[in-house]
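Quick note, the sequences are listed as chains F and R, same order.
Using my numbering, the first residue of the first sequence is number 69, and each one after it goes up by one.
Using my numbering, the first residue of the second sequence is number 69, and each one after it goes up by one.
A virtual CB, placed ideally from N, CA and C, is assigned to each residue, including glycine.
Since the structure is predicted, the reported quantities are computational estimates derived from the model, not experimental observations.
Comments concern the structure below.
There are 2 protein chains.
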Amino acid sequence: MQLAKSVLDQYDRDGFVLVPGAFSPAEMDCLKGAMAEDVASSKGPHLITEDDGATLRAVYASHTRHPLFSTLVSSARLLAPAMQLVAQDLYVHQFKINTKRPFGGESWAWHQDYPVWRDADRMPEPRAVNVAVFLDEVTEFNGPVVFLRGSHRLGSEASSRQQANQAGEHIDPHDYALSTGDLSKLAEVHEMTSPKGPAGTVVFFHPEIMHGSAPNISPFPRDLLIVTYNASTNAPRPVGEPRPEYLVGRDVTPLVPNSWTLETIGASIARAES
Amino acid sequence: MQLAKSVLDQYDRDGFVLVPGAFSPAEMDCLKGAMAEDVASSKGPHLITEDDGATLRAVYASHTRHPLFSTLVSSARLLAPAMQLVAQDLYVHQFKINTKRPFGGESWAWHQDYPVWRDADRMPEPRAVNVAVFLDEVTEFNGPVVFLRGSHRLGSEASSRQQANQAGEHIDPHDYALSTGDLSKLAEVHEMTSPKGPAGTVVFFHPEIMHGSAPNISPFPRDLLIVTYNASTNAPRPVGEPRPEYLVGRDVTPLVPNSWTLETIGASIARAES
Numbered sequence: 069m070q071l072a073k074s075v076l077d078q079y080d081r082d083g084f085v086l087v088p089g090a091f092s093p094a095e096m097d098c099l100k101g102a103m104a105e106d107v108a109s110s111k112g113p114h115l116i117t118e119d120d121g122a123t124l125r126a127v128y129a130s131h132t133r134h135p136l137f138s139t140l141v142s143s144a145r146l147l148a149p150a151m152q153l154v155a156q157d158l159y160v161h162q163f164k165i166n167t168k169r170p171f172g173g174e175s176w177a178w179h180q181d182y183p184v185w186r187d188a189d190r191m192p193e194p195r196a197v198n199v200a201v202f203l204d205e206v207t208e209f210n211g212p213v214v215f216l217r218g219s220h221r222l223g224s225e226a227s228s229r230q231q232a233n234q235a236g237e238h239i240d241p242h243d244y245a246l247s248t249g250d251l252s253k254l255a256e257v258h259e260m261t262s263p264k265g266p267a268g269t270v271v272f273f274h275p276e277i278m279h280g281s282a283p284n285i286s287p288f289p290r291d292l293l294i295v296t297y298n299a300s301t302n303a304p305r306p307v308g309e310p311r312p313e314y315l316v317g318r319d320v321t322p323l324v325p326n327s328w329t330l331e332t333i334g335a336s337i338a339r340a341e342s
Numbered sequence: 069m070q071l072a073k074s075v076l077d078q079y080d081r082d083g084f085v086l087v088p089g090a091f092s093p094a095e096m097d098c099l100k101g102a103m104a105e106d107v108a109s110s111k112g113p114h115l116i117t118e119d120d121g122a123t124l125r126a127v128y129a130s131h132t133r134h135p136l137f138s139t140l141v142s143s144a145r146l147l148a149p150a151m152q153l154v155a156q157d158l159y160v161h162q163f164k165i166n167t168k169r170p171f172g173g174e175s176w177a178w179h180q181d182y183p184v185w186r187d188a189d190r191m192p193e194p195r196a197v198n199v200a201v202f203l204d205e206v207t208e209f210n211g212p213v214v215f216l217r218g219s220h221r222l223g224s225e226a227s228s229r230q231q232a233n234q235a236g237e238h239i240d241p242h243d244y245a246l247s248t249g250d251l252s253k254l255a256e257v258h259e260m261t262s263p264k265g266p267a268g269t270v271v272f273f274h275p276e277i278m279h280g281s282a283p284n285i286s287p288f289p290r291d292l293l294i295v296t297y298n299a300s301t302n303a304p305r306p307v308g309e310p311r312p313e314y315l316v317g318r319d320v321t322p323l324v325p326n327s328w329t330l331e332t333i334g335a336s337i338a339r340a341e342s
């Protein structure tokens, strides 16, 4: 899949673009099944819980454990547009699924992504792109991600770490939350907008766009898969102990787009398991 | 203001109707000023705070303290349509302003209103109507009220009080929250929908429609004025001590619609103060 020039321009202007129907509902069902398998068969710090210490909030690095995800990250439907947007060869810096459960899945504070990777991981430049895949339908009611349109063009000056560096830990965006004063000023200029759509929709968004999300007050889940691709030439250069591999990918080998479909993947998984 | 037959039919079917532009922005500015005056000049249990014990969450019965509100509740723009919808003479059962502050104004649990008034106040029938006036613009981002369309037609069977009666206290809708199981089933049949619009928009909604709201994650306030009109023949018949008058209006004299405008109200306030 290739993005048209007008779509690339839109990304430059807004900091995000929505691609409807990138995947089918059947493909999303399959990914949700794979997520359940991965969560059930793995334990460790890559499973992040809500404040209650029990409810799943996020799963990291499923692409290092499950063949459906290890092949997905090279899908031409995700990787090829990402390569267009960054104009570089790419690898997976981070893979996560944010599971926002019905009736209470928590909010995410307003933040930018790149300042975290800059400070915690020493990623040199924001030459990266986030790709969000809607595993569930996203509506105004189940806690969609909200962007400040065009705020990526401000760079990362607005964000400064509020707490000391916590090397080796999952970083909570609250540590990098934008101040309410700054955000009030920004929202006067940058429209709040939340891309929505059925399962299988994909949103590409810039690592410096300001975003947050509300809790899920609906009876409907909102599982959101996010792959962060980084330029292979832009790998982190950690000073001291790097954060764990489930947070910061080590293999910077450039990925090659594949033709990921349920049929081709079924075949590749069968080969991998034989 | 009179509602057309098609709008009355819509209310019967959906349990709510939105009336855009019922008031002007200048009128809403004036009401916000009056709210600030009322809050600043009054102390007592009619001021409800968030869990932090400090931030204002709701103000009750401003119409008993401030001339701008005491005249507003008889405005033909609110009262005349309410009389059409209930088809009875009406008085003010309850008046409140729910102030949902920027960056964190809290959610309201899913609930119906009438079961509270039935159990706590012994209101005989749901022959009442809520009228919500948008003091601020309501968007998808500042915690709009979300309705389950048409759920008023189910009546109040689904709601049962989860806690013992707390006569004399403000009743938190959490005490009457619908169970997540019930709500999941209801949301399969009744579409979630949230009326939105600029300041001055009015929404009439049924006392048995199921509704809730998310927190306000935006930098924009969401002050919502709600007048509950009840049929004068349907006044509560409390057993024992009734709840305080700021929660349960005592004066059941039928209201007569007036032509509330900033000009006429300025004159009536001047007369009242002379």
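In this structure, the straight-line span from the alpha carbon of Leu-147(F) to that of Glu-95(R) is close to 53 angstroms. The beta carbon of Phe-202(F) sits no closer than 7 angstroms to any beta carbon of chain R. Three or more beta-carbon pairs separated by less than 8 angstroms link the stretch 254–270 of chain R to the stretch 71–91 of chain R, which places the two stretches in contact.
Taking 9 angstroms as the cut-off between beta carbons, the residues of the stretch 262–284 of chain R near chain F are Ser-262, Gly-280, Ser-281, Ala-282, Pro-283 and Asn-284, in sequence order.
Cβ atoms of Asn-198(R) and Leu-292(R) stay farther apart than 8 angstroms, at about 11 angstroms. The three-state reading of DSSP puts Leu-323(R) in coil, since its state is none of H, G, I, E or B. Nearest Cα to Arg-169(F) within the set Val-141(F), His-131(F) and Ala-122(F): Ala-122(F). Taking a contact to require three or more Cβ pairs closer than 8 angstroms, the stretch 310–329 of chain R and the stretch 193–209 of chain R do not qualify as touching. In the displayed model, Met-260(R) falls within a strand according to three-state DSSP. Membership of Tyr-79(R) in the alpha helix (DSSP H) is indicated by the continuous run 73–82.
Taking the CA atoms as reference points, Leu-71(F) sits about 12 angstroms from Val-271(F). As the crow flies, the alpha-carbon of Pro-304(F) is around 10 angstroms from that of Asn-298(F). If you draw a 10 Å sphere on the C-beta of Arg-221(R), you find fewer than 16 other C-beta atoms in it, and that means exposed. With contacts defined as CB atoms closer than 7 angstroms, Val-316(R) and Asp-189(R) qualify as a contacting pair.
For Lys-168(F), the uninterrupted beta strand (DSSP E) segment begins and ends at 158–168. The secondary-structure analysis by DSSP pairs Asn-210(R) with nothing; it has no beta-bridge partner.
Shown here, Tyr-128(F) sits in a strand according to DSSP, grouped into three states.
Its chain contains Leu-124, Arg-125, Ala-126, Val-127, Tyr-128 and His-238 as the residues whose beta carbon lies nearer than 8 angstroms to that of Ile-116(F), once the 5 sequence neighbours on both sides are disregarded; these appear in chain order. Where Val-295(F) is concerned, the enclosing beta strand (DSSP E) starts and stops at 290–299. From the listed residues Cys-98(R), Trp-176(R) and Phe-209(R), the smallest Cα separation to Glu-331(R) is found for Cys-98(R).
Against chain F, the CB of Leu-251(R) has a partner CB under 7 angstroms away; the residue lies at that interface. Pairing Pro-283(R) with Gly-334(F), the inter-Cα distance amounts to about 43 angstroms.
Contact of Ala-255(F) with chain R is assigned, a C-beta pair being separated by under 7 angstroms.
In the DSSP assignment, Ala-196(R) falls outside any alpha helix (DSSP H) and within the unbroken beta strand (DSSP E) covering 196–202. Relative to the Cα of Glu-259(R), the nearest Cα in the group His-274(R), Arg-318(R), Ser-286(R) and His-279(R) belongs to His-279(R).
Interface criterion met: the Cβ of Phe-209(F) is under 7 angstroms from a Cβ in chain R. Leu-136(R) sits away from Pro-287(F), with the two beta carbons spaced by 7 angstroms or more. The C-beta of Ala-102(R) has 16 or more other C-beta atoms within 10 Å across all chains shown, which makes the residue buried.
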